[in-house]
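J.: Keeping their order, the protein sequence lines are chains A and B.
The numbering of the first sequence is our numbering, which starts it at 182 and goes up by one.
The numbering of the second sequence is our numbering, which starts it at 372 and goes up by one.
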Amino acid sequence: MADQTSQSASAESDKGYWAANVRIIVISLIIWALVSFGFGILLRPVLSGISVGGTDLGFWFAQQGSIIVFLALIFFYAWRMNKLDKEYGVEE
Amino acid sequence: MDQYTLNLLVVGATFALYIGIAIWARAGSTSEFYAASRGVHPVTNGMATAADWMSAASFISMAGLLAFGGYGASSFLMGWTGGYVLLALLLAPYLRKFGKFTVPEFIGDRFYSPTARMVAVICLIVASVTYVIGQMTGVGVAFSRFLEVEVSTGLFIGAAVVFMYAVLGGMKGITYTQVAQYVVLITAYTIPAIFISLQLTGNPIPGLGLFGDHTASGQPLLERLDQVVQDLGFAAYTVQDGTPSAVINMTLFTFSLMIGTAGLPHVIIRFFTVPRVADARWSAGWALVFIALLYLTAPAVGAMARLNIMDTLWPNGVQGEAMAIEEAPDWMETWATTGLLGWEDKNGDGRIQYYNDANADMQAVAAERGWQGNELTNFNRDILVLANPEIAQLPGWVIALVAAGGLAAALSTAAGLLLAISSAISHDLIKGQLNPGISEKGELLAARISMAVAIGVATYLGLNPPGFAAQTVALAFGLAAASIFPALMMGIFSTRINNKGAVAGMLAGLVFTLVYIFLHKGWFFIPDTNSFPDTISGSLLGIQSTAIGSVGALINFAVAYFVSNATEDTPQEIKDLVESVRIPRGAGAAVDH
Numbered sequence: 182m183a184d185q186t187s188q189s190a191s192a193e194s195d196k197g198y199w200a201a202n203v204r205i206i207v208i209s210l211i212i213w214a215l216v217s218f219g220f221g222i223l224l225r226p227v228l229s230g231i232s233v234g235g236t237d238l239g240f241w242f243a244q245q246g247s248i249i250v251f252l253a254l255i256f257f258y259a260w261r262m263n264k265l266d267k268e269y270g271v272e273e
Numbered sequence: 372m373d374q375y376t377l378n379l380l381v382v383g384a385t386f387a388l389y390i391g392i393a394i395w396a397r398a399g400s401t402s403e404f405y406a407a408s409r410g411v412h413p414v415t416n417g418m419a420t421a422a423d424w425m426s427a428a429s430f431i432s433m434a435g436l437l438a439f440g441g442y443g444a445s446s447f448l449m450g451w452t453g454g455y456v457l458l459a460l461l462l463a464p465y466l467r468k469f470g471k472f473t474v475p476e477f478i479g480d481r482f483y484s485p486t487a488r489m490v491a492v493i494c495l496i497v498a499s500v501t502y503v504i505g506q507m508t509g510v511g512v513a514f515s516r517f518l519e520v521e522v523s524t525g526l527f528i529g530a531a532v533v534f535m536y537a538v539l540g541g542m543k544g545i546t547y548t549q550v551a552q553y554v555v556l557i558t559a560y561t562i563p564a565i566f567i568s569l570q571l572t573g574n575p576i577p578g579l580g581l582f583g584d585h586t587a588s589g590q591p592l593l594e595r596l597d598q599v600v601q602d603l604g605f606a607a608y609t610v611q612d613g614t615p616s617a618v619i620n621m622t623l624f625t626f627s628l629m630i631g632t633a634g635l636p637h638v639i640i641r642f643f644t645v646p647r648v649a650d651a652r653w654s655a656g657w658a659l660v661f662i663a664l665l666y667l668t669a670p671a672v673g674a675m676a677r678l679n680i681m682d683t684l685w686p687n688g689v690q691g692e693a694m695a696i697e698e699a700p701d702w703m704e705t706w707a708t709t710g711l712l713g714w715e716d717k718n719g720d721g722r723i724q725y726y727n728d729a730n731a732d733m734q735a736v737a738a739e740r741g742w743q744g745n746e747l748t749n750f751n752r753d754i755l756v757l758a759n760p761e762i763a764q765l766p767g768w769v770i771a772l773v774a775a776g777g778l779a780a781a782l783s784t785a786a787g788l789l790l791a792i793s794s795a796i797s798h799d800l801i802k803g804q805l806n807p808g809i810s811e812k813g814e815l816l817a818a819r820i821s822m823a824v825a826i827g828v829a830t831y832l833g834l835n836p837p838g839f840a841a842q843t844v845a846l847a848f849g850l851a852a853a854s855i856f857p858a859l860m861m862g863i864f865s866t867r868i869n870n871k872g873a874v875a876g877m878l879a880g881l882v883f884t885l886v887y888i889f890l891h892k893g894w895f896f897i898p899d900t901n902s903f904p905d906t907i908s909g910s911l912l913g914i915q916s917t918a919i920g921s922v923g924a925l926i927n928f929a930v931a932y933f934v935s936n937a938t939e940d941t942p943q944e945i946k947d948l949v950e951s952v953r954i955p956r957g958a959g960a961a962v963d964h
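1. Under three-state DSSP, which class holds S232/A?
2. How long is the line joining the alpha carbons of K802/B and I820/B, rounded to whole angstroms?
3. Rounded to a whole number of angstroms, what is the C-alpha to C-alpha distance between S951/B and G470/B?
4. Taking only the alpha-carbon atoms, compute the straight-line gap between W213/A and I206/A and give it to the nearest angstrom.
5. Is there a Cβ of chain B sitting closer than 8 Å to that of G230/A, yes or no?
6. For my contact list, L603/B and Y455/B are in at a C-beta cut-off of 8 Å; report their separation, rounded to the angstrom.
7. Could you tell me whether the segment 748-767 of chain B touches the segment 702-715 of chain B, using the rule of 3 or more Cβ pairs below 8 Å?
8. Label V279/A either buried or exposed according to how many other C-beta atoms from any shown protein chain fall within 10 Å of its C-beta, with 16 as the threshold for buried.
9. Hey, how far is the Cα of D625/B from the Cα of D584/B?
10. Please compile the residues from chain A whose C-beta is within a distance smaller than 8 Å of the C-beta of Y666/B.
11. Could one say the Cβ of A393/B lies closer than 8 Å to chain A's Cβ atoms, at least one of them?
12. Measuring straight from C-alpha to C-alpha, what distance separates F482/B and Y887/B?
13. In angstroms, rounded to a whole number, what distance separates the CA positions of L881/B and A851/B?
14. Under 8 Å between the Cβ atoms of A491/B and M822/B?
15. Give me the residue from G777/B, M507/B, A463/B, V672/B with the minimum Cα distance to G325/B.
16. May I ask you to report which of helix, strand or coil DSSP gives G713/B?
17. Can you tell me the Cβ-Cβ gap for L789/B and A825/B, rounded? I've got them flagged as a contact below 8 Å.
18. Would you please verify whether the beta carbon of A183/A is less than 8 Å from any beta carbon of chain B?
19. For the segment 626-656 of chain B, which residues have a CB atom closer than 7 Å to at least one CB atom of chain A, in sequence order?
20. Does any residue of chain A have a CB that is nearer than 8 Å to the CB of T609/B?
21. Could you give the C-beta distance for T314/B and T586/B, rounded to a whole number, given that I count them as a contact under 8 Å?
22. Excluding the 5 residues preceding and the 5 following D716/B in the sequence, name in chain order all residues of the same chain whose CB lies nearer than 8 Å to its CB.
23. Is there a C-beta anywhere in chain B that falls below 8 Å from the one on S189/A?
24. So, using beta-carbon positions, are V503/B and A785/B closer together than 8 Å?
25. Could you tell me whether any Cβ in chain B is nearer than 8 Å to the Cβ of A200/A?
26. Considering just the uninterrupted stretch of the alpha helix (DSSP H) at L215/A, what are its terminal residues?
27. Looking only at C-alpha atoms, which of G511/B, G443/B, S484/B, E519/B sits nearest to L325/B?
28. Applying the 10 Å Cβ sphere with the 16-neighbour rule, what's the burial state of M372/B?
29. Please work out which residues of its chain come closer than 7 Å, Cβ to Cβ, to F430/B, disregarding the five sequence neighbours upstream and downstream, and give them in chain order.
30. Hey, is F220/A's beta-carbon within less than 8 Å of any beta-carbon in chain B?
31. I want to see whether chain B comes within less than 8 Å of E273/A, judged by CB atoms only; does it?
32. Identify the residues that DSSP records as bridge partners of R867/B: which are they?
33. Give a yes or no on whether 8 Å exceeds the smallest Cβ distance from L949/B to chain A.
34. Would you kindly report the start and end of the unbroken alpha helix (DSSP H) that includes I562/B?
35. Would you say I208/A faces chain B, with C-beta separation under 8 Å as the test?
36. With 8 Å set as the bound, which would you pick, yes or no: does the beta-carbon of A255/A sit closer than that to a beta-carbon of chain B?
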C-alpha cells in the first residue's frame, strides 16, 4: 500500500517535472524563432531604422546576433534544467 | 624553406598526430566502438562535435558564399547553428537517456516496428553517403592544390588516414582525433581572419571588425563595401531582397537547414558518448561555442575578402583604372593554373575590368569607358578561404596551416559520417535484423568490416563522383529534415504517435521531399529530366527545392498525427518507455547495457 502511494506520488511529480520542462522549451523556442526568423529575416524592415556599424540591426542579428542568442539559450536551458532535475529529485 | 616543403611538413605532422591518437585510443568493445564507452567529457565532446559538424563546406565554401551572396547567405549562418538549439532542447538529453547506440535503434524501439527502423536506416544511409561524397572530393582537391599531387593520389592518402584511425579506434579513436582536428581547423581559420581584420579595421576580433570602421576610408566597413560593389553594378552587400517570395524562401531554407542539422545522425550519435543526461545538455552548448568561433568569424572573412578583391582589381578606386594584367598578384597567377580563376582581356587594354555587365546602368558606363564586358570571367568561390592568406600577404606557415585545416575539416566529418553508416549496418541491419544472436566480438568485427567497406565505397564515389554530387547537400538535409527529425521529436514529445503513424509520416515526408527535389533537379539528378526550373519564379508553390525539407517535415508531422489518431492506441509499455526517456533518473544504468 505504502509502495503504491509513493509510486503514484512519484508519477505525479514526474508529470510536474515534464510540464515544467516543456514550459522552458516553449519559452526558449519563442526566443530562438524571434531572433533568427524574426529579427534576422521577417522583421528586418521594421528594424531598419536602428543602425549598427554601417548597416541595420536586422543584418547584425542575421550574421552575429542570432548565433550569440542561440548560445545563451542552450546554456540557460542546461543550467535551468539541471536545477529542475534537483528540485524534482530526478537527477542521476 | 619553400611553400611546398612547408605544406608537406605541417600536413604530415597533423596526420602523424591523428594516427598516434588512434593507436592510443583503440576500441576493444562495441560500447567503445559505437559510443566511446560513454566516458567523454562534455567539453571534449563539444569540440569533437564541432569538428564532426564543420565540414569542408563550412571551412572552405561558406565564406565564399557570404562574400558573393552578402545578406542573402545569412541562411547558412543561422541554419547551421540554430539547429543546435533544437538538438539541445528537443533531442540530445532524451536520446542520451534512452541509452542505445544508433538513431534507427531509437526509432525502431519507440515505434515498436522493425519497418520503422529500416526506413530510418535507409534515410540515414542515403543522407550520410551523399554527404560523404562531397567530403572525399574536398580531400582530393585540397591535396592536389597543396601537395601538388594528382587528385586521385590525394584521395587515396586521405582515405588511408581515415581508415587507420576510424577502423582501429571506432568512436573512441574518432572522438579524440576530432578534438585534435578541431584545434587545427579553428587555428587555421581564425589566424588569417585576425590578420585581415587588423589590416582593414584595426580590430583583432573579426566579428567586431565587420561592424567597425574601414581604416583606409574612415567609413564603416560595410557601408564602404556596399558602395564599392554598387558602383560596379552589383547588388548592395547588406541589402535584403524584400519580395515576399524571396523572404518566404529564405525563411523556409533557414528552417530546413536547422531541422536538417538537428536530424543528421552523425551529429546526434555524438551525444550518446557523454556519461550523463546533464552532460548531454552542456555538451550541446559547448559544441555551439566551438562552432560559433568559426561561424561568427566567417561573415567577417567573407565581407573583408570581397573588399580586398575589389581593391586588388581596382587599385585606384572604381573611378580610376582597373588593375593591369602584368601587375596581377602571385595568388591570382597560382589559382589561374588550377582553372578555378580566370580572366580574359576582352577590350585588349591590358587591364581586367571586373563589373556586373548584366546591369543596364553599367552597360552605359561601360560603353563610355570602353569596356566590352566583365573580364574576370571565372571566380570559383571555394578558393576564397584557401587563397585568403595569400591575398592578405601572410607568411608561408599560415598558408600551410590553412591547408592542414581544410583537410582536418573534411577528414573529421568524413570519419563521423562513416561511423554513422557503419554502425547502422553492423548494429541495425546485421545485429538488429539479419543475425540477432551475433556475439559481441562478431559484431565488433562486422562493425570494422562495414567501416572498411564504407571507406572503399566513399573513395570510389569520391574518384567518380556522380554528376549530382554538388546538388546532394540539399538532398541530405531535406531527407534528414523531412524524415528523421520529426520521427525523433514525435517519439519523445508524444505518446500517442504509434507505429503506423510514424511509418506513414516518415514515408510521406521522404517521398514528398524526394519527388519535389527530383522534379526540380531532374529525376535521380539526370540532367534535363526536371519538370520545373529550380528558381523561385519557376517553382511549383514558389518554394525552391533546397528549402522543401521544411515542408516535408510538416507533412510528416501531419500524416503521423492523423494516421495515429485513426488507428489503435500506443501499447502501455511504449508509453512507459516514453515516460522514462523524459526523466533523467537512471541513465547511468544504461552505460553498461
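All C-beta atoms in this analysis are idealised placements derived from N, C-alpha and C, irrespective of residue type, glycine included.
T.: Looking at the atomic coordinates:
1. strand
2. 14 Å
3. 11 Å
4. 10 Å
5. no
6. Not a contact, Cβ separation roughly 37 Å.
7. yes
8. For chain A, the structure presents residues 182 to 273; residue 279/A sits outside this window and is missing.
9. It should be pointed out that residue 625/B corresponds to Thr in this sequence rather than to Asp. In a straight line, the C-alpha of T625/B is about 29 Å away from that of D584/B.
10. I248
11. no
12. C-alpha separation (whole angstroms): 27 Å.
13. 9 Å
14. no
15. Chain B is shown only over 372 to 964; residue 325/B falls outside these bounds and no answer can be derived.
16. strand
17. That pair is a contact at about 5 Å.
18. Interpretation of A183/A is limited by its pLDDT of 47, a score under 50 that renders its predicted location unreliable; the figure taken from the coordinates is listed afterwards. Taking Cβ atoms only, chain B never reaches closer than 8 Å to A183/A, which makes this a no.
19. R647, V648, A649, R652, W653, A655, G656
20. yes
21. The first residue shown for chain B is 372 and the last is 964, placing residue 314/B beyond what the model contains.
22. I696, R722, I723, E746
23. no
24. yes
25. Not one chain B Cβ lies under 8 Å of A200/A.
26. It is not in any alpha helix (DSSP H) - L215/A carries neither H nor E in the DSSP assignment.
27. Not covered by the structure: residue 325/B. The range shown for chain B is 372 to 964.
28. exposed
29. Cβ within range, chain order: L556, Y560, V756, G776, G777, A780.
30. no
31. yes
32. Paired residues: none, contrary to the question.
33. Correcting the residue identity first, residue 949/B is Val in this sequence and not Leu. Output row for V949/B: interface = no.
34. 522-572
35. no
36. Looking at the sequence itself, residue 255/A is Ile, so the reference to Ala does not match. With 8 Å as the cut-off, I255/A counts as an interface residue toward chain B.
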